[in-house]
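Here the structure comes first, spelled out in structure tokens, and everything after it is commentary.
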Amino acid sequence: MTGVPLQMLKLPSLLSSSRLTGKCSKKKKRKRKMAQLFYKRTDNSTYNDRLPLRIVRAEAELSPMEKVYLGAVERGDYASVKQALEEAEIYFRININCIDSLGRTALLIAIENENLEIIELLLSYNIHLGDALLHAIRKEVVGAVELLLNHKRPRGEKQIPPILLDKQFSDFTPDITPIILAAQTNNYEVIKLLLQRGVSVPQPHAVRCNCMDCMSHTDVDSLRHSRSRLNLYKALASPSLIALSSEDPFLTAFQLSWELKELSTVENEFKSEYEELSHMCKQFAKDLLDQTRSSKELDIILNYRDDIDPLMDENNNDLARLKLAIKYSQKEFVAQPNCQQLLASRWYDEFPGWRRRHWAVKLITCAFIGLLFPLLSVFYLLFPKTRYGQFIRKPFIKFICHTSSYLTFLLLLFLASQHIDSGDPECRAAYIQGPAPTTVEWFILPWVIGFIWAEIKQMWESGLKDYMDDWWNIMDFIMNSLYLATISLKIVAYTKYRDYRPRDSWEMLHPTLIAEALFAIANIFSTLRLISLFTANSHLGPLQISLGRMLLDILKFLFIYCLVLLAFANGLNQLYYYYTTEGEKDCYGIRCQTQNNAFSTLFETLQSLFWSVFGLISLYVTNVKANHTITTFVGSTMFGTYNIISLVVLLNMLIAMMNSSYQHIADHADIEWKFARTKLWMSYFEEGGTLPSPFNIIPSPKSVFYLLRWIKTNVFKKPSKKSLDTFQTLGVRAAENVRLNHEYQGVLKNLVKRYVAAMIRDAKTKEGLTEENFKELKQDISSFRYEVLGMMKSKPHSGGTSPVASTTLAYPGNSFKYCRKPAASERQKESRMFEAKSPNILQNKAASTTNSPGSNDQNNCSVVVWSAEKTEIEISKEQSKCEWSPKREQTSFLKCDENDSFFVASGRENEDKALSGKADVEVSQNMNTETQEMGLSCTVLSKEVTNSPTKVQN
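Numbering-wise, UniProt numbering puts 270 at position 270 of the sequence shown, and it's gapless, one number per residue.
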């Protein structure tokens, strides 16, 4: 073994290692192939588990000088920005309209930082404006907006086409104009600035307009058309724009909210936005009414009408504006406390202390007045102009009399339903086919005629559309129609059928039977009509409103339920039609003791499925006499499925809908109830309809006089004496209308002023201290810092030149530095020290607070700087330092950065004082209590400066 080489000894191990290496390489190749298959790679390159990323839509990079230029604008370095603009005009090294990575120009950056000095500087160099005005409006920088509006564009400036502006450069769509954007931000000052320059907005088309413009815009780009209309209405719904530009803000808000509500039903895609705008208009009208301070102002607002006809004798105390608010469904306006207080004072006109009385006294008083309603009605008929005759015209008294009359009518209906049997089998009313009216029915007849006459008068005065808008009027119409049909059928039966005949032998459609059925339904409607009076009560009113809203939910539910009912009825009838039986003992259908033929016909199937919801149908109705198991199984399965859908799904859905409706009313119970109560009260404020039924059918002397005068004027064509004074009357009415309009506009002017003041005050209260405030403070500090640095570098000399002027902010590596020889007068001056003073409050806290150089805030810190004369030796030393030293300059900048809390203020207005060496500049800023650290750091620094003046000079 001694002669065996070492390589031969290691051969087995090398062979084994080579085999392992081969196996590993095969495994790696196999894995690489699998990875290539997985990632669909066909080349033979090595596998890489990293996903390369790159900028797909790269933009042009800024040059270093442009970056520094935009950075100077960002920091608020006025001197560097000015030098950059000056050199750009000479050397053209930078593009002053360059855009950063966020798409902002220097002007937009200055607008975002609210640096008005730099904005004014940029505008003086004719920088491209673009959509800077829109950005300033969106940021609500009023000073920048005013500067941009006063700036005149140069004649040679090229205008960018709107299509390119929309797609490439602008952040706003072409339909966004300055006034539209300002109205959307609801900035009162900006809107006022724009309106003073005579701007205008497009007139919106009607909701369902089919003109050529609307049709063409919809065909070309329906989304842009809808968005443009939405943006326009967002501007028109601005409270500040309405308050400034509308002659009648209340009317504008009413009409606009109604139009927006209609738009929400047409533009379902933007329903929530339009509903929010509609609510904004309603809230504006309510807030504007909140500013009324006296009953006189409230009377002028609520009684004003803009549709006065000089040819008609109009009543100027009929609450015309309140009626208009009810018509446009302005619930917030109507439920406003000032408005409700005025209505309550008019409602309880004869009872000023009514609300303070005990409930028992109120009940006795109402019952006493209600019992006297026939006597009060007679007094009004005979002596309408006397005190007792006018007593029933009071709204509250009229309400009590009408309620008492209706309760009397319900009592008569109750008596009519109680049939008193005489005991004579030959003369029973059940055998009379055409019975004569009873005594109670004769008493009911005048009330029915009075109700019909009252509805006719109401429909004539208000119009068919307004009459149909009230659901109670529809219910009255149905009720009166049923009574008319009952009376007509009873007359037919009385004239046609005079003989006696057992009721069992009458035909199915006998007039008496139909009249009795209609009379029973009319009684139900008459009793339920009493629910409308619950609105006057604060406890029952919200329940009555919730009930009315639930009826709408029931109607929606019935639509789905009827569809399900018809579907299963059709299927079950088709299945069981062939298994119809004759019934048992002449009893056919589901009303038998043993139910049969439940699904024999479509009508029977509908009845069976309906009553099965209430558990009145047995399961054996699905059985058949034949041994057809498949039919029984399918029928019972369909019947069970119907019950699951109707009971478990639909019925619970109805309960959830009704619960949601009730909760909605409960959440807005006060507004909903006051609005409904106001509608009830306004119906009794009207001049007509004074007498209740049945006294309203009796012709009064006043009615006879009006009728004769109408016949004389229209039939015989004889003008009355009043027509001879037409011109004089028209002049008087025109003067009265001018006076009323002048009073109304005066009140509106005061209301708008108060509203704007309250809006600004609330905005300041809600705004608080935000991150934007800290950013603005930081920007102000930065701008102030660079301004002070520029002052410190340029020491005053005769014409304002400085011994050393240097800048490296705008162009690094291209600093301009020069030295001048000081004048002889300057050699007599010496520099003392910088002295910093701060309020005593901050000095007391300085001992317990650490210095925070990174803070951006300062509390009431004032710094006073002055210079005194120098000695000739110090000036000569200073001249020797005129040579530029990068290290020294860097050190000075580092010191300035470290002392970020140390502020030295000086404005251009104090230049003369600065030249004489006696300039005093004070800068004071009020900050929140959370930002006192900067003030404390200022205090510490002031102590350091005071204690070591030599260090500061160095």
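All C-beta atoms, glycine included, are put in the ideal place defined by N, C-alpha and C.
Proximity winner among the options, relative to residue i (alpha-carbon distances)
| i | options | result |
| --- | --- | --- |
| E350 | P337, L343, K234 and I397 | I397 |
| V492 | L509, P502, D476 and F477 | L509 |
| Y467 | D780, K327 and D221 | K327 |
| V334 | Y577, L680, A517 and M657 | L680 |
| S345 | L513, M759, F685 and V788 | F685 |
| K152 | D171, F172, N126 and A144 | N126 |
| L147 | N210, F172 and L116 | L116 |
| L193 | I478, L244 and P204 | L244 |
| N187 | V145, V634 and R50 | V145 |
| M792 | A58, A79 and S646 | A79 |
| T631 | V613, L572 and G615 | L572 |
| F675 | S417, V207, V201 and Q330 | Q330 |
| T678 | Q336, I617 and Y744 | Q336 |
| I176 | G198, R197 and P202 | P202 |
| L107 | H128, Y561, Y91 and E87 | H128 |
Other residues of its chain near residue i: CB distance less than 6 Å, five sequence neighbours each side excluded
| i | result |
| --- | --- |
| I452 | N480 |
| S278 | S257, L260 and K261 |
| E297 | V747 |
| F270 | L230 |
| F639 | T622 |
Burial state of residue i (16 or more Cβ within 10 Å)
| i | result |
| --- | --- |
| K394 | buried |
| E304 | The sequence shown places Tyr at residue 304, not Glu. By the 10 Å Cβ count, Y304 comes out buried. |
| E89 | exposed |
| F603 | exposed |
| Y755 | buried |
| T622 | buried |
| C339 | buried |
| Q458 | buried |
| D476 | buried |
| T486 | buried |
| N268 | exposed |
| I698 | exposed |
| S404 | buried |
| P511 | buried |
| K82 | buried |
| V788 | buried |
| F599 | buried |
| E687 | exposed |
| G790 | buried |
Chain-order list of residues whose beta-carbon lies under 8 Å from that of residue i (same chain, five-residue window excluded)
| i | result |
| --- | --- |
| S377 | I392, C401, L691, P692 and F695 |
| Y588 | E582, N596 and N597 |
| T386 | F379 |
| L543 | F534 |
| E332 | K282, Q283, A285, K286 and I671 |
| I524 | none |
| S661 | S546, R549, M550, L552 and D553 |
| residue 1027 | Residue coverage of the chain in this structure runs from 1 to 954, which leaves residue 1027 outside it and unanswerable. |
| W472 | R529 and S532 |
According to DSSP, residues forming a beta bridge with residue i
| i | result |
| --- | --- |
| I474 | None, per the DSSP bridge assignment. |
| I671 | In DSSP, I671 forms no bridge with anything. |
| Y500 | I432 |
Cβ-based neighbour list, residue i, same chain, cut-off 7 Å, excluding 5 preceding and 5 following
| i | result |
| --- | --- |
| I665 | P542, I545, S546, R549 and E672 |
| R355 | none |
| T185 | I137, R138 and E140 |
Next on the checklist: Does the contact criterion of 3 or more C-beta pairs under 8 Å hold for the stretch 638 to 656 versus the stretch 547 to 561?
Outcome noted: yes
Item to check | the stretch 65 to 72 / the stretch 96 to 106 touching (three or more Cβ pairs under 8 Å) | outcome: yes
Checklist entry - Any chance the stretch 592 to 612 sits against the stretch 563 to 572, with 3 or more Cβ pairs inside 8 Å? => result yes
Checklist entry - Would you call the stretch 226 to 241 and the stretch 293 to 302 touching, i.e. three or more CB-CB distances under 8 Å? => result no
Checklist entry - Quick check: the stretch 205 to 216 against the stretch 240 to 251, are there 3 or more CB pairs under 8 Å? => result no
Checklist entry - Between the stretch 707 to 716 and the stretch 358 to 372, do three or more beta carbon pairs fall short of 8 Å? => result no
Checklist entry - Using 8 Å as the Cβ pair cut-off and three pairs as the minimum, do the stretch 525 to 534 and the stretch 496 to 516 touch? => result no
Checklist entry - Between the stretch 128 to 135 and the stretch 176 to 187, are three or more C-beta pairs nearer than 8 Å? => result yes
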